[in-house]
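Heads up, the thing below is written out as structure tokens.
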Amino acid sequence: MAISVKDVEHVALLARLELSDEEKNMYTEQLNTILGYMEKLKELDTAGVPPTAHVLPIHNVLREDVERPSMDREKVLQNAPYREDGQFRVPKIV
Amino acid sequence: MNIDKYEIVIGLEVHAELKTNTKIFCNCTTKFGGEPNTHVCPVCLGLPGVLPVLNKKVVDFAIIAGLALDCEIAEYSKFDRKNYYYPDLPKNFQTSQYDLPICLNGYLDINVDGETKRIGITRIHMEEDAGKLVHGGETISSSDFSLVDYNRTGVPLLEIVSEPDMRSPLEARAYLEQLKAVLEYTEVSDCKMQEGSLRCDANISIMPKGSSVFGTRTEIKNLNSFRALQRALEYEILRQAEVVEEGGTVIQETRTWDDAKGITLPLRSKEEAHDYRYFPEPDLLPLVISRDWVERIKKTLPELPQARKERLIKEYGLPEYDAGIITGSKALADYFASCVNIYPEAKTISNWLMGDLTRLLNAGEKEITDSPITPEMLVEMLQLLDKGTISGKIAKTVFEEMFETGKRAEEIVKEKGLVQISDQASLEKMVDEVIGANPKSVEDYRAGKEKAIGFLVGQVMKLSKGKANPGLVNTMLREKMK
């Protein structure tokens, strides 16, 4: 399954990345190399092997439902380029 | 247009905010409201380098809901990232569950027109809620900017997905009502639809009757009440049928319900947004849910709406209809229980709850838990009625006054002089007057028309401003017209 420039454009749009034609070609090539290696892995027989979501042999890391103070709002907003009435102001959405 | 030739197929996705103290992956409060961006921390803001840790209570609640809806509880479950760009998510992904949700294959029985129907539940999964957007303009697309409050971000949600098993808007409404009751009884969510702690999206399609191939579905969002759900579905059925009748095809899309205009409108799509690129959440470890854990929770399950309904029918002889309405809300069922504990006439109580109390609550947009009339106050009034201190008609006035002022029945009766007139001497004058003024009715009665007596009693009641004892008036009238 080869990656086309169109696929790269699609993924770039989803990730909100603006790519030049040169970059699009470069990433198409790189992604194909990576996926090419995946093709290699496909040669292994994985029948009967459950998909691995996590590699650590740990599970059920849970916390108690106990409230702790939240962050100071000044700090919360300090990196916001724009703010208004204690809220983040963001540009036009759609 | 004849829509009877179409079969309607509806499935619902319901989001319920869980009643935990803290958010799903951090220790911020889940309290509703609050000054914007004051219930947030580095974890729910998705700042770099933070590590989310799952709230145990969320898992407990998910298991409770799963058991109450007869689901299988997964032995192994994990979280995934659902990726999309939207400013209500500070991380650009929502932590959710994709292929291994915590609950699977349940069902919920609903009742429509006396018929019981089983609606399948495909899955229940845990996820985090998003933040709240306030748009600068009237709508999202006419706004130059939006404001974001992340207080709600990270509040735990259960998403409960039904099978496409509903065949009418009424069934969909019954399902949502019953589901809400279950979530309230198990106390996993407070289900306040106005505050958005219970939200519903509907998938709907139509196909020719007898067909086994579903039509193209649309998804309707922004259904914030039972009524909105029902109306939106009714509208959408007509819209889709019209498209088909005109030779067109229904487009698969997301639409929003405009409650004021009573129509559904296409939502401007977040371009290619349905490509969510789910992948396992590397920051959260999987869940292994032992059967011990499930059993422990099973033992704590409270009585569910269906069981309580059956008990009310059996224990108090309530009609099925009454029992269904009363147990449809846990608060109403609890209110009923408090009443019957101190007053034995269950049907009388049920009549007052379903009638006058519900009417007054609806008119005042109040919940039963905010009712100014407590069960004790209702029972006191019923006792005044039993003793003959007030008439049934006066009782209604007293009840309204109680609701209005929060005063006790006895106080209102005294203040307003509403005591029923039960002494013959005081009634005699009025009875005579009515007989004198209505010779035609008197003649009818004497000629054997039983109906006439009702009219005459009514006239005396009117004359006494509702205070006469109607039973006594009836006897006196008959006596005098012999």
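If you're matching them up, the sequences are chains A and B in order. Take the first sequence: its position 37, counting from 1, is numbered 80 in this note's numbering, and each next residue is one higher. Take the second sequence: its position 22, counting from 1, is numbered 34 in this note's numbering, and each next residue is one higher. The C-beta atom is built at its ideal place from N, Cα and C for all residues, glycine as well.
Express the C-alpha separation of residue j and residue i in angstroms, rounding to a whole number.
i, j, result
"Gln395 of chain B", "Ile338 of chain B", "22 Å"
"Glu427 of chain B", "Cys40 of chain B", "51 Å"
"Glu283 of chain B", "Asn123 of chain B", "At Glu283 of chain B, the pLDDT of 49 sits below 50, so the modelled position is not reliable; the number obtained from the coordinates is stated separately. C-alpha separation (whole angstroms): 40 Å."
"Tyr125 of chain A", "Ser158 of chain B", "11 Å"
"Thr312 of chain B", "Pro99 of chain B", "40 Å"
"Gln436 of chain B", "Gly448 of chain B", "18 Å"
"Ala77 of chain B", "Glu196 of chain B", "10 Å"
"Ala80 of chain B", "Leu188 of chain B", "15 Å"
"Ala45 of chain A", "Thr76 of chain A", "9 Å"
"Ile101 of chain A", "Leu112 of chain B", "17 Å"
"Leu210 of chain B", "Pro60 of chain B", "31 Å"
"Arg111 of chain A", "Phe73 of chain B", "21 Å"
"Asp141 of chain B", "Leu182 of chain B", "28 Å"
"Ile36 of chain B", "Ile301 of chain B", "18 Å"
"Gly340 of chain B", "Lys192 of chain B", "9 Å"
"Asp177 of chain B", "Glu127 of chain A", "46 Å"
"Asp74 of chain A", "Glu254 of chain B", "According to the sequence provided, residue 74 of chain A is Leu. The question's Asp does not apply to it. Computed Cα separation, rounded: 47 Å."
"Ser155 of chain B", "Gly149 of chain B", "4 Å"
"Glu388 of chain B", "Asn363 of chain B", "16 Å"
"Arg289 of chain B", "Lys94 of chain B", "6 Å"
"Cys83 of chain B", "Asp287 of chain B", "29 Å"
Which residue's Cα is closest to the Cα of residue i: the options?
i, options, result
"Lys405 of chain B", "B:Glu379, B:Tyr162 and B:Gln432", "B:Gln432"
"Ser438 of chain B", "B:Ile402, B:Ser476 and B:Val454", "B:Ser476"
"Arg243 of chain B", "B:Asp213, B:Gly274 and B:Thr230", "B:Gly274"
"Gly129 of chain A", "B:Asn163, B:Lys69, B:Glu87 and B:Asn117", "B:Asn163"
"Glu491 of chain B", "B:Ala480, B:Val443, B:Lys452 and B:His51", "B:Val443"
"Val21 of chain B", "B:Arg229, B:Lys310 and B:Lys31", "B:Arg229"
"Arg320 of chain B", "B:Gln206, B:Asn95, B:Gln190 and B:Gly400", "B:Gln190"
"Asp125 of chain B", "B:Glu332, B:Ala345 and B:Glu413", "B:Glu332"
"Ile232 of chain B", "B:Gly376, B:Thr268 and B:Leu210", "B:Thr268"
"Lys326 of chain B", "B:Ala343, B:Gly340, B:Ala358 and B:Cys351", "B:Ala358"
"Tyr347 of chain B", "B:Ile380, B:Gly118, B:Gly222 and B:Leu66", "B:Ile380"
"Asn14 of chain B", "B:Glu258, B:Asn450 and B:Cys212", "B:Glu258"
"Gly208 of chain B", "B:Leu169, B:Gly222, B:Ala214 and B:Val194", "B:Leu169"
"Ser108 of chain B", "B:Gly336, B:Ser223, B:Ser155 and B:Ile172", "B:Ile172"
"Lys204 of chain B", "B:Ala407, B:Ala214, B:Ser237 and B:Ser223", "B:Ser237"
"Ile263 of chain B", "B:Thr34, B:Lys90 and B:Pro278", "B:Pro278"
"Leu299 of chain B", "B:Ile85, B:Ala464 and B:Lys463", "B:Ile85"
Under the DSSP definition of a beta bridge, which residues are partnered with residue i?
i, result
"His137 of chain B", "B:Glu171"
"His147 of chain B", "B:Ser158"
"His27 of chain B", "B:Glu171 and B:Arg211"
"Val21 of chain B", "B:Ser217"
"Glu127 of chain B", "B:Val124"
"Leu299 of chain B", "B:Ser89"
"Cys203 of chain B", "The partner list for Cys203 of chain B (beta bridge, DSSP) is empty, contrary to what the question assumes."
Residues of chain A with a CB under 7 Å from the CB of residue i: which are they?
i, result
"Asp287 of chain B", "Leu57"
"Cys53 of chain B", "Ser113 and Met114"
"Lys90 of chain B", "Ala96"
"Val160 of chain B", "Gln130, Phe131 and Val133"
Give the residues of chain B in contact with residue i, contact being defined as C-beta atoms less than 7 Å apart.
i, result
"Gly129 of chain A", "Glu47, Pro48 and Asn49"
"Asp108 of chain A", "Thr32, Asn33, Thr34, Asn67, Lys68 and Lys69"
"Lys67 of chain A", "Ordered by position in chain B, no residue passes the 7 Å Cβ test against Lys67 of chain A, which lies about 17 Å from the chain."
"Pro134 of chain A", "Phe157"
"Ile101 of chain A", "Leu297"
"Leu120 of chain A", "Asn49"
Chain A partners of residue i, CB-CB under 9 Å?
i, result
"Tyr97 of chain B", "Leu57, Ala58 and Arg59"
"Val300 of chain B", "His102 and Asn103"
"Leu57 of chain B", "Met114 and Val119"
Could you list which residues in chain A have their beta carbon closer than 8 Å to that of residue i, in chain order?
i, result
"Thr41 of chain B", "Glu110 and Ser113"
"Ser217 of chain B", "Those do not exist, as Ser217 of chain B stays about 26 Å from chain A at its closest Cβ, beyond 8 Å."
"Ser153 of chain B", "Val137"
"Pro113 of chain B", "Within chain A, no residue comes near Pro113 of chain B; the closest Cβ sits about 13 Å away, beyond 8 Å."
"Pro292 of chain B", "Ala96 and His97"
Run down chain B in chain order and give the residues with a C-beta less than 8 Å from the C-beta of residue i.
i, result
"Asn75 of chain A", "In chain order: nothing, as chain B lies at least about 19 Å away."
"Leu84 of chain A", "Correct list: empty, because the minimum Cβ distance to chain B is about 17 Å."
"Leu105 of chain A", "Val65, Leu66, Asn67, Lys68 and Val71"
Taking Cβ-Cβ distances shorter than 9 Å, what residues in chain B pair up with residue i?
i, result
"Val92 of chain A", "Within chain B, no residue comes near Val92 of chain A; the closest Cβ sits about 15 Å away, beyond 9 Å."
What in chain E is Cβ-close to residue i, meaning under 8 Å?
i, result
"Pro60 of chain B", "In the displayed structure, chain E is absent; the protein chains listed are A and B."
As an exercise, report each continuous beta strand (DSSP E) stretch of at least 3 residues that is fully enclosed by the stretch 73 to 102 of chain A, in chain order. none
Those runs of the alpha helix (DSSP H) which lie wholly inside the stretch 375 to 450 of chain B and span at least 4 residues: 387 to 399, 404 to 417, 421 to 428 and 436 to 449
Considering only residues of the stretch 227 to 308 of chain B, which uninterrupted alpha helix (DSSP H) runs meet the minimum length of 4 residues and lie entirely inside it, listed in chain order? 238 to 257
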